[in-house]
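Enquirer: Oh and the sequence shown: position 172 is 172 in full-length UniProt numbering, straight run, nothing missing. Glycine residues also receive a C-beta, built at the ideal position from the N, C-alpha and C atoms.
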Amino acid sequence: DWLTRYGYLPPPDPYSAQQQTLESLREAVKTMQRFAGLEMTGELDDRTVEMMKKPRCSLPDVVLSSGPQRLRRKRYALSGTVWQKKQLTWRIESFPISLSPEIMRTLMRSALEAWSRETQLTFSETQGEADIRVGFVGGTHGDGYPFDGPGGTLGHAFFPGVGPIAGETHMDADEQWTYNTDQGTDVFAVAVHEFGHALGLSHSSVETSIMKPYYQGTLGDHQYYRLSPDDVEGIQALYGRRDAAPRPPPRPTQHAIPPRGPTYQPRPPLFDRCSTHFDAIANIRGEVFFFKNKVFWRMQASRNLVSLNPAQLHHFWHGLPIDLPRLDAVYERQNDSRIVFIAGNNFWVFKDTLVETGYPRPLSDFGLNTDRIDGAFVWKHNKKTYFFRHNRFWRYDETLGRMDGRYPQDTNLWQGLPPEIDDVISWVDGNTYFFKGSEYWQFKDGQVETEPGYPRSIARDWMYCRSESLPPQPTEEPERRDQQDCNCPCLQGNDAALWKASMAVIGITAVLSMVTWY
Ligand SMILES: [Ca+2]
Ligand SMILES: [Ca+2]
Ligand SMILES: [Zn+2]
Ligand SMILES: [Zn+2]
């Protein structure tokens with residue numbers, strides 16, 4: 001449960017309710033130990049269990065590192081979003097009972113200054129609408145991420161960007177909040193950490209980093225606290241150095257040069273989730289996994305992306321060839337919850353996050369006589385497995401272990417669907433979604449006719465990309481029109497009530513940017 005909540009394992013198998021395999025558990029424990037700076041025994045030894053019991057931040061430790069472990073340099077991680085301005089405002093919206101409002105305001109100001117001291121950011125307190133809003137809230141408090149009473153999770157914060165919930169910083173009101181003492185939980189230490197999230201940083205595994213997920217105790221007198229070099233590097237990657245002179249205007253040249261972004265933009269990620277297409281997309285235990293080359297993004301059933309940054313394929317799924325350039329299709333088997341990975345003419349069967357012995361096997365095992373496939377999924381309405389290639393599709397019966405007769409059929413039986421899809425899923429809402437390029441098509445329930453208003457943008461509806469950076473949606477059927485009108489301006493604006501209303505309209509009940517696990 002702990003390993004799942006903090007992003008080290010997929011959710012447990014809901015069908016057979018069996019435990020995760022011992023091996024995948026060991027791998028997950030090792031990854032957790034590496035992140036926590038413990039010896040990588042793969043065992044739940046005393047030190048590991050002790051670490052798991054430590055109070056901590058409730059955001060997950062998404063495993064972003066790449067390359068061989070011994071060569072990897074531990075460092076800060078970026079959330080993938082950043083404030084598009086350098087003058088930020090803040091306010092405290094509710095206070096803990098144990099500390100006076102005056103002390104609290106001093107400590108919060110000082111915790112923000114720890115970050116602004118190193119960058120070109122400035123923070124000013126306001127009584128009006130603020131970018132960063134601090135609240136001491138207990139139990140269920142309206143954002144879908146309840147706190148857990150004394151101990152356990154201490155706080156969480158929402159990354160910059162997408163909606164008005166961005167920058168929201170919550171501390172568990174049921175902790176005994178203190179300052180500069182060994183008793184209770186140091187509010188200054190937790191605030192510096194959570195503000196790091198609110199500014200766009202993820203968890204770091206660096207020993208001295210304030211962005212370590214575990215509570216490290218008091219930082220002493222706030223006036224003398226300074227960030228570790230790793231944290232300074234992280235925040236400067238987002239907002240630039242404090243002493244950096246403004247860039248002089250470029251000298252005019254004979255040739256047109258492409259415009260440069262502002263200097264405080266983070267370095268571009270390997271793949272921009274907002275403009276890429278995906279190799280394979282799968283519903284695995286109610287979550288959607290978006291695969292691209294050797295990384296993947298993960299979306300919970302609540303429609304939260306676990307992180308805006310991708311995770312490394314080989315750090316989560318163990319047993320695929322390291323040099324495999326990309327996957328073609330992935331699906332979870334209906335009859336035994338095994339997960340099938342397909343690339344070229346090969347497929348691998350996984351139990352949880354570990355490959356089974358005897359793989360890869362060729363596609364001909366399914367009775368498929370193609371060079372490769374475009375996509376595969378299990379249709380909820382008949383529990384059959386479908387394979388797609390160009391303009392043909394096959395239907396396979398996992399229970400009988402053979403292809404159904406009269407297949408392949410033409411993909412135009414799925415009315416409105418283009419040939420050569422990227423992949424397809426049946427999801428928890430009962431609908432079927434086909435993905436191709438930057439667009440997707442919805443087929444409601446058991447229907448084989450696409451809904452009006454499709455295709456729509458994957459980036460906009462699945463990847464939490466800002467509307468203004470995307471091309472406008474193509475003209476839509478009248479019944480989608482009003483939703484679209486509401487969706488765009490609300491996402492750009494800052495009116496919380498309007499935004500919430502618009503999210504309700506388009507059926508997204510989740511909170512954007514928040515990335516915790518249950
Ligand atoms: Ca707690
Ligand atoms: Ca594909
Ligand atoms: Zn955290
Ligand atoms: Zn909260």
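DSSP three-state label for residue 91, please.
Expert: Correct three-state label for residue 91: strand.
Enquirer: Comparing alpha-carbon positions, which option in 434, 298, 140 and 87 lies nearest residue 116?
Expert: Closest by alpha carbon: 87.
Enquirer: Taking all protein chains shown into account, decide if residue 215 is buried (16 or more other Cβ within 10 angstroms of its Cβ) or exposed.
Expert: When all chains shown are included, residue 215 counts as buried.
Enquirer: Rounded to whole angstroms, what is the Cα-Cα separation between residue 315 and residue 31?
Expert: C-alpha separation (whole angstroms): 8 Å.
Enquirer: Within this structure, are the beta carbons of residue 411 and residue 382 separated by less than 7 Å?
Expert: No, Cβ-Cβ distance for residue 411 and residue 382 is not below 7 Å.
Enquirer: Measure the C-alpha to C-alpha separation of residue 423 and residue 21 and round it to an integer number of angstroms.
Expert: Approximately 28 Å between the Cα atoms of the pair.
Enquirer: Run through DSSP, which three-state label would residue 133 get?
Expert: In this structure, residue 133 counts as strand in the three-state DSSP scheme.
Enquirer: Cutting at 7 Å between CB atoms, please list the residues of its own chain near residue 256, excluding the five before and the five after it.
Expert: For residue 256, the predicted structure reports a pLDDT of 33, less than 50, and the residue's modelled location is therefore unreliable. The matter cannot be settled from this model.
Enquirer: Considering only the alpha carbon of each residue, which of 108, 12 and 36 lies closest to residue 186?
Expert: Comparing Cα positions, the closest option is 108.
Enquirer: Within 8 Å, do at least three Cβ pairs link the region 206-214 to the region 85-105?
Expert: No, the region 85-105 does not touch the region 206-214.
Enquirer: Assuming the contact rule is C-beta atoms closer than 8 Å, residue 166 and residue 138 should be a hit. Round their C-beta distance to whole Å, please.
Expert: The pair is not a contact, with the Cβ atoms about 22 Å apart (cut-off 8 Å).
Enquirer: By the three-class DSSP mapping on this structure, what secondary structure does residue 235 have?
Expert: Three-state result, residue 235: helix.
Enquirer: Helix, strand or coil, according to DSSP, for residue 115 in the structure here?
Expert: Residue 115 falls in the helix class under three-state DSSP.
Enquirer: Looking at residue 238: is its Cβ nearer than 7 Å to the Cβ of residue 464?
Expert: Not in contact: residue 238 and residue 464 (Cβ atoms no closer than 7 Å).
Enquirer: By DSSP's criteria, residue 283 is part of a beta bridge. Which residues make up the other side?
Expert: Per DSSP, 288.
Enquirer: When burial is assigned at 16 or more other CB atoms within 10 Å of the CB, is residue 46 buried or exposed?
Expert: Exposed is the call here.
Enquirer: What separation, rounded to the nearest whole angstrom, lies between the Cα atoms of residue 243 and residue 120?
Expert: Roughly 8 Å separates the two Cα atoms.
Enquirer: For residue 36 and residue 205, I'd like the C-alpha separation in whole angstroms.
Expert: Spanning the two alpha carbons is a distance of roughly 6 Å.
Enquirer: Does DSSP put residue 258 in a helix, a strand or coil?
Expert: In this predicted model, residue 258 has a pLDDT of only 31, less than 50, meaning its place in the structure is not dependable; the value taken from the coordinates is given anyway. Reduced to three states, the DSSP call for residue 258 is coil.
Enquirer: Helix, strand or coil: which one does DSSP assign to residue 324?
Expert: In the structure shown, residue 324 sits in coil (DSSP, three-state: anything other than H, G, I, E or B).
Enquirer: Give me, in chain order, the residues of the same chain whose beta-carbon lies closer than 6 Å to that of residue 446; leave out the 5 immediate sequence neighbours on both sides.
Expert: Same-chain partners within the cutoff: 381.
Enquirer: Determine, using beta carbons only, whether residue 421 and residue 375 come nearer to each other than 7 Å.
Expert: For residue 421 and residue 375, yes; Cβs fall inside 7 Å.
Enquirer: Considering only C-alpha positions, which residue in the set 184, 449, 273 and 84 is nearest to residue 218?
Expert: The shortest C-alpha separation from residue 218 is found at 184.
Enquirer: Let me check understanding here. Comparing Cα to Cα, which of 76, 104, 159 and 57 lies closest to residue 84?
Expert: Answer by Cα proximity: 159.
Enquirer: One question on the structure: do residue 281 and residue 434 come within less than 7 Å of each other, judged by their Cβ atoms?
Expert: Contact flag unset, no.
Enquirer: What did DSSP end up calling residue 84 once you bin it into helix, strand or coil?
Expert: The answer is coil: DSSP assigns residue 84 none of H, G, I, E or B.
Enquirer: Mind listing, in chain order, the residues whose beta carbon lies closer than 7 Å to a non-hydrogen atom of ligand 4?
Expert: Cβ-based neighbours of ligand 4 within the cut-off: 137, 141, 143, 145, 156, 168 and 170.
Enquirer: Quick one: does the C-beta of residue 375 sit closer than 6 Å to a heavy atom of ligand 2?
Expert: Yes, ligand 2 has a heavy atom inside 6 Å of this Cβ.
Enquirer: Verify whether the separation of the beta carbon atoms of residue 343 and residue 324 is less than 7 Å.
Expert: Closer than 7 Å, so yes.
Enquirer: Quick one, what's near ligand 3 if you take every residue whose CB is closer than 6 Å to any heavy atom, in chain order?
Expert: Going by the Cβ distance cut-off, the answer is 57, 59, 193, 197, 203 and 213.
Enquirer: Indicate the three-state DSSP secondary structure (helix, strand or coil) for residue 316 in the structure shown.
Expert: Helix.
Enquirer: Taking DSSP as the reference, what is the three-state secondary structure of residue 78?
Expert: DSSP places residue 78 in strand when its eight states are reduced to three.
Enquirer: Under the three-state reduction of DSSP, which class applies to residue 392: helix, strand or coil?
Expert: In the structure shown, residue 392 sits in a strand (DSSP, three-state: E or B).
Enquirer: Cβ atoms of residue 313 and residue 296: under 7 Å apart, would you say?
Expert: Taking 7 Å as the Cβ cut-off, residue 296 and residue 313 qualify as a contacting pair.
Enquirer: What are the uninterrupted segments assigned as alpha helix (DSSP H) that are 4 or more residues long and contained completely in the region 177-233, given in chain order?
Expert: You should have 187-198.
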